[in-house]
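Take a look at the structure below.
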Amino acid sequence: MFVLYYQYNFNSAQALAEYRNKFPNAAQPNRRTFSKLRENLRRYGSFKKDRGIKSANVVNNIGNANRILNYVNRKNEQNTDTSLREIVVNCNVKKDSARRILRKNGFRCYKVKKVHHLREADKPRRLRFCRWLQERRREDPFICRRILWSDESNFSNNGFFNRNIHFKWTNGNLYWHTETTFQQRCSINFWVGILD
1 MFVLYYQYNF
11 NSAQALAEYR
21 NKFPNAAQPN
31 RRTFSKLREN
41 LRRYGSFKKD
51 RGIKSANVVN
61 NIGNANRILN
71 YVNRKNEQNT
81 DTSLREIVVN
91 CNVKKDSARR
101 ILRKNGFRCY
111 KVKKVHHLRE
121 ADKPRRLRFC
131 RWLQERRRED
141 PFICRRILWS
151 DESNFSNNGF
161 FNRNIHFKWT
171 NGNLYWHTET
181 TFQQRCSINF
191 WVGILD
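Its first residue numbered 1, the sequence shown is counted upward by one per residue in the UniProt record's numbering.
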């Protein structure tokens with residue numbers, strides 16, 4: 001295969017056509033196969049890449065690791081998002097290398113959790129309800145079966161919050177959350193109730 005590639009002055013299309021003419025019953029390579037053979041021969045000294053050899057452009061050296069870890073720690077101190085794409089662009093490393101370095105150093109990727117903004121007056125009301133429910137359960141263990149449990153969804157003029165684009169790489173779960181909605185706004189609520 002490589003001899004044909006060499007004979008046709010490293011022209012993949014011509015070498016492929018000649019290979020198909022000479023060996024019509026053999027497995028047919030594509031044009032990229034020829035250039036890969038030449039690249040592997042130049043890089044590794046053989047036609048096949050040795051699995052033990054790391055590719056030159058996937059270098060996992062100390063400089064890359066320090067640059068990535070310093071960048072992520074600086075972003076965490078500023079309490080801002082840190083996506084893998086942003087790390088790749090700002091640290092000039094490949095995506096797989098950045099992910100490998102972060103995981104090797106104990107970092108994990110966390111998504112932001114959306115929570116409602118609570119007022120100071122909300123906490124005492126919630127505690128009062130919890131105490132009330134505990135007392136009622138002592139008197140009647142089946143009271144929860146007679147409660148209508150509900151949930152709601154809200155569409156508001158605050159816009160749409162996409163939690164799939166907010167990430168933070170850190171070596172400890174921060175239980176990261178953000179307040180997204182407030183009670184004074186223009187909105188439509190959809191309510192669903194479940195009764196046992």
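The C-beta atom is built at its ideal place from N, Cα and C for all residues, glycine as well.
No experiment lies behind these values; they were computed from the predicted model shown.
Check, Outcome
"Can you give the Cα-Cα distance for TYR5 and GLU39, rounded to whole angstroms?", "12 Å"
"Beta-carbon separation of ARG31 and LEU16 under 8 Å?", "yes"
"Based on DSSP bridge pairs, tell me the residues matched to VAL192.", "ASP151"
"Which residue's Cα is closest to the Cα of CYS109: PHE34, PRO141, ASP81 and ILE194?", "ASP81"
"Can you list, in chain order, the stretches of the alpha helix (DSSP H) that have 4 or more residues and sit fully within the segment 12 to 90?", "12 to 22, 31 to 44 and 62 to 77"
"Give every residue of the same chain whose Cβ lies closer than 6 Å to the Cβ of GLY193, excluding the five residues on either side of it in the sequence, and list them in chain order.", "LEU148 and SER150"
"How many angstroms separate the CA atom of GLU77 from the CA atom of PHE142?", "48 Å"
"Figure out for me which residue from PRO24, LYS22, PHE34 and ARG20 has the closest Cα to the Cα of ASN11.", "PHE34"
"Answer yes or no: do LEU102 and ILE68 have a C-beta to C-beta separation smaller than 8 Å?", "yes"
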